Amino acid sequence: MNVVIMGCGRVGARVAVLLDEAGHQVTMIDRLSASFERLPKEFGGNTVLGTGIDEDVLRMAGIDHVDVFIATTNADNRNIMGAQVARTIFNVPHCIVRLYDPVRADAYREMGLDTICPTTTISAMIMDKIATYGGR
Amino acid sequence: MYVIVVGAGKVGYYLAKNLLMEDHEVLLIENDPAKVEYYNERLGTVVVRGDGAEASTLAKAGAARADVVVAVTGEDEDNLVVCQVAKNKFHVGRTIARVNNPKNEHLFRLLGVDVTVSQTNFILNLIGQAIPERSFMHLMNLRHAGLAIVEATISDRSPVVGLSIDEMDLPVSCAIAAIARGAEVIVPKPDTQIEVGDEIIAVTHLSEESQLRELLVVD
Chain A
2 MNVVIMGCGR
12 VGARVAVLLD
22 EAGHQVTMID
32 RLSASFERLP
42 KEFGGNTVLG
52 TGIDEDVLRM
62 AGIDHVDVFI
72 ATTNADNRNI
82 MGAQVARTIF
92 NVPHCIVRLY
102 DPVRADAYRE
112 MGLDTICPTT
122 TISAMIMDKI
132 ATYGGR
Chain B
-17 MYVIVVGAGK
-7 VGYYLAKNLL
3 MEDHEVLLIE
13 NDPAKVEYYN
23 ERLGTVVVRG
33 DGAEASTLAK
43 AGAARADVVV
53 AVTGEDEDNL
63 VVCQVAKNKF
73 HVGRTIARVN
83 NPKNEHLFRL
93 LGVDVTVSQT
103 NFILNLIGQA
113 IPERSFMHLM
123 NLRHAGLAIV
133 EATISDRSPV
143 VGLSIDEMDL
153 PVSCAIAAIA
163 RGAEVIVPKP
173 DTQIEVGDEI
183 IAVTHLSEES
193 QLRELLVVD
């Protein structure tokens, strides 16, 4: 599959490496070239410098032929806008968006984006762990 | 009217100030506490601290009873999300977004923002109008239906000199609204003849703007 990932932070870079190892064609977008240093030398995908909310930058990343778009920058609103550009302008079939704000994650899930909220997920994991502990 | 303005920069501040002077109820939302304090001293306590894209901030601001939500921060992605949350969660009747990158204007409309204001395009237009001896100018876009208002100055080389409105082969979605001739403004009739020096104000569909330009002026 062809995948574009916007935001080469810890999560973005890790997903990129896993997809690359699994044989997918990955293109990374980030506003800072230093972010691409998170990718290992063996990484076989492409990198594009720029912001993923810009149509022209997305075109450079080959968005026209992409199966999956993933937005993992540290700014919720940028991720939302990037995914909506990918979906509305370029008809990308699958858009995965990382959102820290649970309310926004719910709202945009209702609007058709595939949102993942680490705040909700991690809180639930912590609560699950605590539930297994006995008191002293 | 109750108007919520998100983003207390220069645009947000002067907008809030003008609306208050016209006796509207205004709330200005800003994330930076220093700006909240600074503008509260100037406007009275109408500035609250918060992230305007967060539903809880808009809920506290009473977005459900707001007539208009205006997003004028310097970041397009923030302005987009503010308007979308206002529209989809609080059913605000009219959302207005400042668009910093003109490329985003079309996208914002597709994504449900009611009104977009592109400051870059505005400045380009104003500078364009200030440059003398331009024969064809795009004055403004109309909010609905993809229409624009344009102005053409008729030179002696224009192909329509001496023709009446009736005889001109106007594109189907164009209408001549007024003709300024010296100090006089003429409301055009089918038999009004075009003269050298006329300034023609026309309404045109955007798709026919270049056709109209070719008809009225010779470059």
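If you read the sequences in order, they're chains A and B.
Just so you know, we're using my numbering here: the first sequence kicks off at 2 and counts up by one.
Just so you know, we're using my numbering here: the second sequence kicks off at -17 and counts up by one.
Yeah, the Cβ is synthetic: ideal placement off N, Cα and C, and Gly gets one too.
Note that the structure is a prediction, hence the values are computed from the model and not measured.
- Among the bridge pairs identified by DSSP, B/Y(-4) is matched with none.
- Of the candidates B/N123, B/I136, B/D180 and B/V30, B/V30 places its Cα closest to the Cα of B/A16.
- According to the DSSP secondary-structure assignment, A/D31 is paired through a beta bridge with A/L50.
- Boundaries around B/H88 are those of the alpha helix (DSSP H), N86 to L92, since no beta strand (DSSP E) includes it.
- Of the residues assessed, B/P170 falls on the buried side of the cut-off, its CB having 16 or more other CB atoms within 10 angstroms.
- For B/Y(-16), the enclosing beta strand (DSSP E) covers residues Y(-16) to V(-12).
- Contacts between B/S38 and chain A, judged by CB atoms closer than 8 angstroms, involve V104 in chain order.
- When C-alpha distances from A/A108 are compared across B/V(-13), B/V154, B/A68 and B/S192, the shortest belongs to B/A68.
- Contacts between B/E87 and chain A, judged by CB atoms closer than 7 angstroms, are missing: the closest CB pair is about 12 angstroms apart.
- Sequence-ordered contacts of the region 65 to 86 of chain A with chain B read A76, D77, N78, R79, N80, I81, M82, G83, Q85 and V86 [C-beta pairs closer than 9 angstroms].
- Against chain A, a Cβ distance below 8 angstroms from B/D58 picks out I54 and M82.
- Counting only residues of its own chain and dropping the five nearest sequence neighbours on each side, B/L188 has a CB closer than 8 angstroms to the CB of N123, G128, L129 and A130.
- Using a Cβ-Cβ cut-off of 7 angstroms, B/N70 is close to A108 and M112 of chain A, given in chain order.
- Here the region 65 to 80 of chain A does not lie against the region 41 to 49 of chain A, with fewer than 3 beta-carbon pairs under 8 angstroms apart.
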